[in-house]
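Chemist: Provided herewith is a single structure, encoded as structure tokens, for subsequent inquiry.
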Amino acid sequence: MVLIVLDHAAGTPRRTAFEGVRAGRRLAEALGVPLAGLVLGDADGAAAAATALAAFVPTVYRAADPALAAGGHEARTRAIVDVARSVGARVVLMAASRSGQAVAPRVALRFGGALLEDVTDVRVEAGAIVAERLTYLSRAVATVRALAEPVVVSVKPGAFAAAEASAAMGAVEDVTIAFEESDRVAQVEPAGRAARDRVALEEADVVVCGGRGLGDADAFEAHVVGLADDLGAAVASTRAVVDAGWRPYAEQVGQTGKSVAPKLYVGLGLSGAVQHLSGMNRSGVIVAVNKDPDAPIFKVADYGVVGDVREVVPALRAALAALD
Amino acid sequence: MTIVTFVKHVPDAEARLGRGPDGLDLGGASFALDGMDEYGVEQALRLREAGAASEVVALALGPARSEEALRSALALGADRAVLLETDAALDPIAQAPALAEVVREAGAKLVLVGGKQADWDSAALGPALAEALGWPLLDWATELAVEGDGIVAVHDVDDGSARWAAPLPAVVTAQQGLNEPRYPTLPNIMKAKRKPLERRPLAAASATVETIHVERPAHARRNVVLDGDVATAARELARRLRDEAKVL
Amino acid sequence: MDFALPDDLLALQRAVRTFAQREIAPVAAELDRHPRFPWPTLRKLGDLGALGVMTPEVHGGLGLGQLALAVLLEEIAATDAAHATIAAVTNGLPQALLLEHGSEAQHERWLGKLATGAWIGAFCLTEPHAGSDAAALRTRATKVDGGYVLEGTKAWITSGGEAQLYLVLAKTDPAAGARGVSAFLVERGTDGVSFGPPERKLGQHAAITTGMRFDGAFVPDGQRLGAEGQGFVMAMGSLDGGRIGIAAQAIGIARAAFEAAVRYAGERTAFGQPIREYQGVSFKIADMATRIEAARLLTHRAAWLKDRGYRVTGEASMAKLFASETAVAVTDAAVQVFGGYGYSAEYPVERYLRDARVTTLYEGTSEIQRIVIERQVRREFER
């Protein structure tokens, strides 16, 4: 069996749950084994999530306990391993979210198998489970093969498209977990929503960089910082912007500033001088917005929009907000 | 109390990764103590300086060159070091039992390890160590203090942050924000040469994952210029970022 | 024969390189534009342990030698030459002379402060009318009850007005020529000591340089370094080490310009290919690399010999001459590789060129070095 741990937030399935279903279906089909989901949470949350997700997998196992809602890794590990054992799972699949990345190794070790971590792709080759994952600070791609079974797979959020609902409604089965004292040792209570403190430039997954094309410091604040806030991104600047005194040196990217390689780099109102490119050309996906269609930045960009940043950025923010 | 702080010797974040005939060429890369592990070393030293610990042991697993990462930890202020030496490529799941053995032997109550390794981009070692030891895991800590027989902390979770408290022993993964690591001073680098560093061959452990191939993808850019009026282009850009580039 | 640096020195080199890139690099260009003495980074360099390289561990230093100092100065200079100048002076001159000639009480009083970087030291030999001709000094120290009274003017004092301790050479016996020169340790804030405004100069702006005046400044007997009349010999004895330090600094500046040029030549394209594919650029890079390598070999060998107790007057001058001329040539070539951008203050190579220029001037001009070298040649030849 392929068992997918399906995440939800207070009963509403997370996007990663649907992504997991797509990866799980592929593996179940290739291995010729059945597919099932596992929902963890308190009674209300687990019930709502299981009902919603039954449309996507033939069976949803539902484990309800207050300890599973609190986010303790130990209780979640216990529940996943108990269910995986009892259903004889060959593959346990979960999202490589923060909690998934904390739980997956524990499950792999306790369950006695292998861990394919934070994968961007996963498939079956000659009976073995093979995956691709990013390495070396996302600068290289490794192809890896599991040498032991069962296999725990954590799937990088966003790497798979969300799955469509199945034709038939699945069954929901309640399972009871035999927790041990040690599973409840940590006291966890929420302390805050995602910190709005800006992430460090060099470690950020998304960087929004502004150039002199913004016109002035206020426009930079409104458009570059505004878009960065929306994306949870770090803010960067070109040399010209720092020299103009709009932004601090710490934000400068380029030959005389910092070198960044985020997964997504958005360059706004900057031409892409070679000195700037050397600081960001290792980025995963590059987006450029500039009113000059001949600006060198478009040569290294994946996506470009030719236009005034002060018009394009508000439109882009609205479009991003409208994405479901 | 003894704290074990795990360190890894990884390619410098600034190092250029070459493209070799078999994929990745690390020949030109310089190696250093993993920056994420550095936060763990720093926290261990601060806990010792605050009187919450009496000894800090740096622990590494890897080839002989890993000794350099241990020397860096000693130069920062760790008291002694242990290297489990192996040339085998072992995944975190395969490493954890051997590392846990050293932790038990040292009588440690707290293990610190970087949240994510800069070479394998893996966040698995901390959780795997917690499992091998049967201890609770505190991942992605941004605050950490020892109070009485336990630790209290703040850490990042999927939706934000959470307060976390548990009695010791425990495994904690460190990250940026936990502290500001110190520099090894030049006198301490000299003294580090005289601190004990024990090298042991790693007893047989077998990998659970093998690497078939690693390559540095050439950045073939899509070079798509989105047409239409501003609103249309923006909508198309947002859609492609999510569905095609998968970066949202 | 072993050309590899020892492992521990490599570890120190790495530490200083990391430090310089993280702490000094972000402020270097700004300090050049708006010159001020870089106290915050100097304090950190002191905490790091890089300001007492040759002072023994008991006094808070590293207890290493001239080779270690050369390696560390190159690292600092590769990020910012001004920091390297200040570090070279405080490490090399006051500390080395205090260590060699100071009494136990003087060691106790000043060495620890200098070695840890709590205090910065300065060296006051040059006068408006006397540079390398140290015997022609005019500053006078007149013996009075319990000490000396100093009168006169000094010029080109690195860290003038900022340093807390000044090693001052003055004549105690004007009739005795070079043998009438004595050395004094003068603290900042001494009555009768004043400093001129910072000199405006071509480069190394943050290495503040001033004139210094003594108007009847009283210096107690306990602050004379060594015996009366020994000052000139002392100062001459410090020159070899000082020249090795400047050679190392010059190599650091050259290296910074070279690395910037190599990166740029690989990134900048002209007529469809990176400019390094053109021989006009690639040959320049080859020559730059070769000169830097040769300069480093000369410098490390002079330092290595000095650490083994050899007299290295000729070797130190050769290293200083070749390394400083290399720094000027390499930084100039780097500007050429950058083309118009090289002339622009938006990129650091023009600063490297300005910073390098003084290395053929201070601690003896290239002409002085040639005189020293030729004298050594003659001595060997006539032996």
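Residue numbers (my numbering), protein chains in the order written: chain P, 1 to 324; chain E, 1001 to 1248; chain G, 2001 to 2383. From the three backbone atoms N, C-alpha and C, an ideal C-beta is built for every residue, glycine too.
I'd like the span of the alpha helix (DSSP H) that includes ASP2032/G, first residue to last.
Modeler: Here the alpha helix (DSSP H) through ASP2032/G covers 2025-2033.
Chemist: Which partner residues does GLU2350/G have in the DSSP bridge list?
Modeler: BP columns for GLU2350/G are empty, so no partner.
Chemist: Leaving out the 5 sequence neighbours to the left and right, which residues in its chain are closer than 6 angstroms to VAL1010/E when beta-carbon positions are compared?
Modeler: Result list for VAL1010/E: ASP1034, ALA1118 and ASP1119, in chain order.
Chemist: Would you mind stating whether SER237/P and GLN252/P have Cβ atoms separated by less than 7 angstroms?
Modeler: For SER237/P and GLN252/P, yes; Cβs fall inside 7 angstroms.
Chemist: I'd like to know if ARG196/P contacts chain E, where contact means its C-beta is closer than 7 angstroms to some C-beta of that chain.
Modeler: Bear in mind that the predicted position of ARG196/P carries a pLDDT of just 40, short of 50, making it unreliable; the figure below should be weighed with that in mind. Answer no: the Cβ-Cβ gap between ARG196/P and chain E never drops below 7 angstroms.
Chemist: Please confirm if VAL33/P has its CB atom under 7 angstroms from at least one CB of chain G.
Modeler: Judged by the 7 angstroms Cβ criterion, VAL33/P is not in contact with chain G.
Chemist: Along chain E, which residues have their Cβ under 7 angstroms away from the Cβ of LEU109/P?
Modeler: Going along chain E in sequence order, the residues near LEU109/P (Cβ under 7 angstroms) are ILE1093, ALA1096, ALA1128, GLU1131 and ALA1132.
Chemist: Could you work out which residues of chain E lie near GLY2049/G, taking near to mean beta carbons separated by less than 7 angstroms?
Modeler: Per Cβ cutoff of 7 angstroms: THR1185, LEU1186 and PRO1187.
Chemist: Ends of the alpha helix (DSSP H) at PRO2094/G?
Modeler: Here the alpha helix (DSSP H) through PRO2094/G covers 2081-2101.
Chemist: Can you name the residues that DSSP bridges to SER1054/E?
Modeler: Looking at the DSSP assignment, SER1054/E forms no beta bridge with any residue, so it has no partner.
Chemist: Residues of chain E with a CB under 8 angstroms from the CB of ASP2008/G: which are they?
Modeler: By Cβ distance, chain E contributes ILE1189, MET1190 and LYS1193.
Chemist: Measure the Cβ-Cβ separation of VAL1057/E and ALA1106/E and say whether it is below 7 angstroms.
Modeler: Cβ atoms of VAL1057/E and ALA1106/E: closer than 7 angstroms.
Chemist: Taking Cβ positions only, does GLN187/P come closer than 7 angstroms to chain E?
Modeler: Cβ-Cβ to chain E under 7 angstroms: yes for GLN187/P.
Chemist: Helix, strand or coil: how does DSSP classify GLY2203/G here?
Modeler: Of the three classes helix, strand and coil, the one that applies to GLY2203/G here is coil, per DSSP.
Chemist: Got a sec: is the Cβ-Cβ distance from ARG2268/G to anything in chain P below 7 angstroms?
Modeler: Yes, ARG2268/G lies at the interface with chain P (some Cβ there is under 7 angstroms from its Cβ).
Chemist: Return the residue from the list LEU1084/E, LEU1112/E, ASN1223/E and ALA1078/E that minimises the CA-CA distance to ARG1199/E.
Modeler: Nearest of LEU1084/E, LEU1112/E, ASN1223/E and ALA1078/E to ARG1199/E, Cα basis: LEU1084/E.
Chemist: Less than 7 angstroms between C-beta atoms, sequence neighbours within five positions excluded: which residues of the same chain meet that for LEU1202/E?
Modeler: Within the same chain, LEU1202/E has close Cβ partners LEU1061, LEU1084, GLU1085, THR1086 and ALA1098.
Chemist: Just to confirm, is the Cβ distance from PRO1187/E to GLY2049/G under 7 angstroms?
Modeler: Contact: yes.
Chemist: Quick check: the Cα distance between GLN2369/G and ILE2246/G, rounded to an integer number of angstroms?
Modeler: So the alpha carbons of these two residues sit roughly 12 angstroms apart.
Chemist: Contact defined as beta carbons within less than 8 angstroms: I believe PRO2220/G pairs with GLY2146/G. What is the distance between those atoms, to the nearest angstrom?
Modeler: Right, their Cβ atoms sit about 6 angstroms apart.
Chemist: Which residues of chain E have a Cβ atom closer than 8 angstroms to the Cβ of LEU2042/G, listed in chain order?
Modeler: The contacting residues do not exist; LEU2042/G stays about 15 angstroms from chain E at best.
Chemist: ALA75/P and ALA46/P: beta carbons closer than 7 angstroms?
Modeler: Not closer than 7 angstroms, so no.
Chemist: Taking its Cβ as the centre, do 16 or more other Cβ atoms sit within 10 Å of LYS1109/E, making it buried, or is it exposed?
Modeler: With 16 or more Cβ atoms within 10 Å of its Cβ, LYS1109/E is classed as buried.
Chemist: How would you label GLY32/P, buried or exposed, when you count the other beta carbons within 10 angstroms and need 16 or more for buried?
Modeler: Answer is exposed; the Cβ neighbour count stays below 16.
Chemist: Let me see if you follow: with CB-CB separation under 7 angstroms, is VAL274/P close to chain G or not?
Modeler: Judged by the 7 angstroms Cβ criterion, VAL274/P is in contact with chain G.
Chemist: Looking at chain E, is there any beta carbon in it that lies within less than 7 angstroms of the beta carbon of LEU2114/G?
Modeler: Closer than 7 angstroms: no.
Chemist: Reducing DSSP to helix, strand and coil, say where ALA159/P ends up.
Modeler: Reduced to three states, the DSSP call for ALA159/P is coil.
Chemist: Residues of chain G with a CB under 8 angstroms from the CB of ARG1071/E: which are they?
Modeler: What ARG1071/E touches in chain G: ALA2011.
Chemist: Can you tell me which of the three DSSP states ALA2334/G falls into?
Modeler: Residue state, collapsed to three classes: helix.
Chemist: Among ARG1048/E, ILE1003/E, ALA1078/E and ASP1121/E, which one has its Cα closest to the Cα of MET1036/E?
Modeler: Measuring from the Cα of MET1036/E, the nearest candidate turns out to be ASP1121/E.
Chemist: How would you write the range of the beta strand (DSSP E) that PHE2218/G sits in, first residue to last?
Modeler: Here the beta strand (DSSP E) through PHE2218/G covers 2209-2220.
Chemist: Among PRO58/P, ARG15/P and ALA167/P, which one has its Cα closest to the Cα of MET94/P?
Modeler: Of PRO58/P, ARG15/P and ALA167/P, the residue nearest in Cα terms is ARG15/P.
Chemist: Can you tell me whether DSSP reads ALA194/P as helix, strand or coil?
Modeler: In this prediction, ALA194/P has a pLDDT of 43, which is less than 50 and means its spatial position is unreliable; nothing more can be read from the coordinates.
Chemist: Buried or exposed: SER2317/G, going by 16 or more other Cβ atoms within 10 Å of its Cβ?
Modeler: The residue is buried, with at least 16 neighbouring Cβ atoms inside 10 Å.
Chemist: Expressed to the nearest angstrom, what Euclidean distance is found between the alpha-carbon atoms of VAL224/P and ASP308/P?
Modeler: Approximately 13 angstroms, taken between the alpha carbons.
Chemist: Where DSSP assigns a beta bridge to ARG1019/E, which residues make up the other side?
Modeler: In DSSP, ARG1019/E forms a bridge with LEU1024/E.
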